[in-house]
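Structure first, then comments.
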Amino acid sequence: MNRRNFLKNSSLLGLGVFASQFPVWGRSIFSWDAAVHNIPIEKGYSKEWIKSLYGRGEKIQYKKSLNELKYIGMPVGGLHSGTVYISGDGRLWLWQVFNTSYDGLNEGVENKVVLWDNGREMQRVRPRDGAAFVEPALSDNLRILEQGFLVSVKRNGKVLQKVLEANQWDEVIFEPSYPTCKVLYSSASFPVDVELTAFSPFIPLDEDNSSLPLTTFHIEIKNKNSEPLEVEVIGWFENGVHKGRKDFDAVKKLASVKESNGSNRHVYFECDSVPTEFQKATDHGNMAFMAHDGHAKIICNLESWPVQAENLQGSDQRSLVDFKDLQISSISSKGKVEGNGKKDFQFSVAWYFNNPHPKLQEHLKDAKEGYWYGKRFKDASEVLNYYAAHLEELDRQTMKWVQTWNDSTLPYWFLDRTFVNIGSLATANTMRFGTGRFWGWEGVGACAGTCTHVWQYGQAMGRIFPGLERNLRETTDYGVGFNANSGAIIFRAEYESRPAIDGQAGVILRTYRDHQTSKDDTFLKKNWPSIKKASQFILNQDKNGDGMTDTPMENTLDAVWEGEIAWIVGLSLAAIKAAEKMANEVGDLEFEKKCASYFSKGSKNMDSQLFNGEYYIHRPNKEFGRKKLGSYNTCHIDQVYGQAWTFQLGLPRVNDKAKTLSALQALWKYNYAPDVGPYIKTHLQGRPYAIAGDAGMVMNTNPKNEKHAYGENETWQLGYFHECMTGFEHQVAAHMMAEGMIDESMILTRKIHERYHASKRNPFNEIECSDHYARAMASYGTFINACGFTYHGPKKQIGFHPKINPENFKAAFTAADGWGSYTQKISSNNRLEAIIDLANGNLEIAELTLPNLKESTVKSKVTAKIGNSSVSIKNTESKNDVIIIVFDSPIVLSENKELLISIS
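The sequence shown maps to residues 36 to 939 in the numbering used here.
As structure tokens, this is what we get:
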């Protein structure tokens, strides 16, 4: 069932049983009780606090002593391999790897319904409505498999030991840096400190090696004393295959030792004698557990529980137990830690459950082929063997990315919040089927079809794993979801039959980004016929010929709006400008001219006809007026979204800069609430994605207090207008950053960060319609604009124009075939020194754009070097606030090479 029908029929916005249970709700669900705009114009933030947002700050840490660990659930599996969380104290939990998530059946990280007091009444909240926001999942409640580590130290003839869990240590500190985390354990009376680092290989541009269904642990033991210590680290893991089934009396749990590459061995878990009908079950598969130590001791089935170092009994012989019995294997690794020294112990776990949900298989032929990792490996044992064979390089590149990302002048909190949402790809929210096709929900188990009008907001995947975006274009948007006759892109592919106009425009914009993040024009040329048809489809939706889309069509707010809507018009114009650019590159000059004409007319008309003097609006259809739902003369969060997209792609402006700034200032003035509590108390119907005490930007407000502001016939979708949804908020924050409203951008991003602080809820799960919502990946757009980053791979163009602390700036970037960091320093005499340092892969540069520090037209002196070798420059051009540097011939940076630019 799609999102619209499901919400309409059964959500908290419906009129059924729930409304009758709560008479106040039943009376007010389609009225505001004369609610008026009540968001304060003054936001009340001091200059000192705003200034503090720009400081580098301290690394993010969540502490046991501050009660900040209980909600933490950071995804630590590979992309598209289910959800495995690591908790604040370093133990694995949730284990949403058994393919149980499905729309309307099992949604979110915890399929529960909670009650929320919205300030007026108690409101029923399902997973897709924000249950995990109101009542976050507790790691201790969802640790369904026994797993952990124990550290044993022999000192002065005595054995001291502690399990790596919060209640055994004086202090436990969780230090995230997605995709990795560190957990620090310390106790005054214990002779060693412990540092656990967990991750799954994560290498930008390498989606294959970033998609392994495994988690690895580096456990570093630090000797606090001067004398050497004998240390043993014991890890244990439960056989979780078919976990929890009640109908398996004849089935046995089986644990056995298998050889790995080199001298390593590992435990392999499966079930024996599984009936044929259950071999296609979603929880049928296998798991494996390894210590990366050829001398490790393995016990296939522990005879005593819980684990104690002095009572570690059992053998490495094949273990077969009744299904009802607990089967836990252990692996222990020993070593000597010198005085004041340290030693690393490494363990890994892998899983393999290759049967997608049966309803997915009903809808998607790709799902019948299992998962991509199922085609690549035959079982979890092979997964571990592959990782062990390539461990050094996979770990090195992962940690190199983490170092590159964090070696920045940007605030730690900002780096965290703008990047962390890419973790959605490493949850049950996404899949990569055996055919290679990428596919995703909107949020875990909710709203199928890699929905075009939701996924278009995300900026992270297209930059970090552009191959996945190109896969989505070719297999879905221009594949099974494409109507070759009309050019329509069906917004949920196999799960729908209609296009969504905003999703259609978003696909074209993403296509241009996909082209820009490619090494050459192969992708563009291959797909141009479909791109052109999809673009023509948008042109065809302008019925009155004024360059402004006016055909009623589905959009991301799940309604068909009539009239000319600034949000839709601007987004469509941005898409047509992208189409114009692509037409130029493939040599389709006729279509290029058609797009240019449309854009020119539409941009002019949007500025003159859809701007009310303060912000952009929705002009109603002359025939229907305001009979149907719409934003009309209210202040809508996405009103200049098309203009926002241009900064991600280096496109010309859609809207006049002064009017755009006025619109963004209106959003800040009328929609941003330092505390949303008073607003949601008087404006009912919204879902709780921000609650009393939280700051946020409301989707759509009525600052003029107009009657029937949202139409004469209010419908259930009206509830969306009164919510705060992070994907939309990140989009606005990114746009504000690009337009120079940097304080407002930083405040909005910071307040989202605070909304998801570990003391309140899971920092790694931004929620909209279910958990790990895809739209939240818009946060990476704020990072892109903070760097002023532009890139066009086929043209070999790259540019930077930092917005935050430009006088001393450093941040990471990704390109088509490599990634690294950009450093910029500006001296007091207006001299700019810039360094592009490539950490991975290759980077070709023919043209480089950097900030122009000179206001005069006097030509700047520019020099370039790679190492000690000068690079010949063909031409430099000052254009507005940038300087364009063209090299005599394209230069190629390889790994660990630097390009140094001096401008004086």
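All C-beta atoms, glycine included, are put in the ideal place defined by N, C-alpha and C. Being a predicted model, the structure only gives us computed values, none of them experimental.
Classification of residue i by the beta-carbon crowding that lies within 10 angstroms, buried from 16 upward
{"i": "residue 56", "result": "Its pLDDT being 31, under 50, residue 56 is placed unreliably by the model, and the measurement read from it follows with that caveat. Flag for residue 56 reads exposed."}
{"i": "residue 144", "result": "buried"}
{"i": "residue 570", "result": "buried"}
{"i": "residue 353", "result": "exposed"}
{"i": "residue 385", "result": "buried"}
{"i": "residue 279", "result": "exposed"}
{"i": "residue 61", "result": "Because residue 61 carries a pLDDT of 32, less than 50, the predicted location of this residue cannot be relied on, and the following value inherits that uncertainty. So residue 61 counts as exposed."}
{"i": "residue 924", "result": "exposed"}
{"i": "residue 76", "result": "exposed"}
{"i": "residue 223", "result": "exposed"}
{"i": "residue 687", "result": "exposed"}
{"i": "residue 844", "result": "buried"}
{"i": "residue 533", "result": "exposed"}
{"i": "residue 856", "result": "buried"}
{"i": "residue 58", "result": "Caution applies to residue 58, whose pLDDT of 27 falls short of 50 and renders its modelled position unreliable; the model cannot decide the point."}
{"i": "residue 286", "result": "buried"}
{"i": "residue 891", "result": "Low confidence applies here, because residue 891 scores a pLDDT of 49, under 50, leaving its location unreliable and the question unanswered by this model."}
{"i": "residue 81", "result": "exposed"}
{"i": "residue 341", "result": "exposed"}
{"i": "residue 48", "result": "Unreliable placement is indicated for residue 48, whose pLDDT of 37 sits below 50; the coordinate value is still reported in the next sentence. With 16 or more Cβ atoms within 10 Å of its Cβ, residue 48 is classed as buried."}
Check whether residue i and residue j have beta carbons under 9 Å apart
{"i": "residue 705", "j": "residue 761", "result": "no"}
{"i": "residue 88", "j": "residue 787", "result": "no"}
{"i": "residue 452", "j": "residue 791", "result": "yes"}
{"i": "residue 865", "j": "residue 167", "result": "no"}
{"i": "residue 911", "j": "residue 937", "result": "no"}
{"i": "residue 293", "j": "residue 274", "result": "no"}
{"i": "residue 258", "j": "residue 374", "result": "yes"}
{"i": "residue 457", "j": "residue 106", "result": "no"}
{"i": "residue 121", "j": "residue 218", "result": "yes"}
{"i": "residue 383", "j": "residue 424", "result": "no"}
{"i": "residue 113", "j": "residue 249", "result": "yes"}
{"i": "residue 197", "j": "residue 225", "result": "yes"}
Beta-bridge pairing of residue i - partner residues as DSSP gives them
{"i": "residue 646", "result": "651"}
{"i": "residue 735", "result": "671"}
{"i": "residue 230", "result": "219 and 255"}
{"i": "residue 271", "result": "183 and 365"}
{"i": "residue 322", "result": "304 and 386"}
{"i": "residue 473", "result": "467"}
{"i": "residue 481", "result": "478"}
{"i": "residue 678", "result": "According to DSSP, which records beta bridges pairwise, residue 678 is partnered with nothing at all."}
{"i": "residue 539", "result": "The partner list for residue 539 (beta bridge, DSSP) is empty, contrary to what the question assumes."}
{"i": "residue 818", "result": "Beta-bridge pairing links residue 818 to no other residue."}
{"i": "residue 225", "result": "DSSP lists no partner for residue 225."}
{"i": "residue 826", "result": "833"}
{"i": "residue 357", "result": "287"}
Endpoints, the alpha helix (DSSP H) within which residue i is located
{"i": "residue 762", "result": "761–774"}
{"i": "residue 570", "result": "557–574"}
{"i": "residue 211", "result": "Not the alpha helix (DSSP H): residue 211 falls in the beta strand (DSSP E), residues 206–212."}
{"i": "residue 440", "result": "426–441"}
{"i": "residue 604", "result": "601–621"}
{"i": "residue 527", "result": "Taken as a continuous stretch (DSSP letters only), residue 527 belongs to no alpha helix (DSSP H), as it is neither H nor E."}
{"i": "residue 506", "result": "501–507"}
{"i": "residue 713", "result": "712–717"}
Cβ distance (whole Å) where residue i is taken to contact residue j below 8 Å
{"i": "residue 928", "j": "residue 873", "result": "4 Å"}
{"i": "residue 35", "j": "residue 420", "result": "Any property of residue 35 remains undetermined from this structure, which presents the chain solely from 36 to 939."}
{"i": "residue 653", "j": "residue 667", "result": "5 Å"}
{"i": "residue 590", "j": "residue 603", "result": "7 Å"}
{"i": "residue 848", "j": "residue 455", "result": "18 Å between Cβ atoms; not a contact."}
{"i": "residue 210", "j": "residue 94", "result": "6 Å"}
{"i": "residue 325", "j": "residue 301", "result": "4 Å"}
{"i": "residue 640", "j": "residue 580", "result": "Between residue 580 and residue 640 the Cβ distance is about 10 Å, and since that is not below 8 Å, they are no contact."}
{"i": "residue 594", "j": "residue 752", "result": "5 Å"}
{"i": "residue 766", "j": "residue 698", "result": "Not quite, the Cβ-Cβ distance comes to about 13 Å (not below 8 Å), so this is no contact."}
Residue interval of the beta strand (DSSP E) (run including residue i)
{"i": "residue 306", "result": "300–307"}
{"i": "residue 920", "result": "917–929"}
{"i": "residue 160", "result": "157–160"}
{"i": "residue 74", "result": "Residue 74 -> no beta strand (DSSP E), and no H or E assigned at all."}
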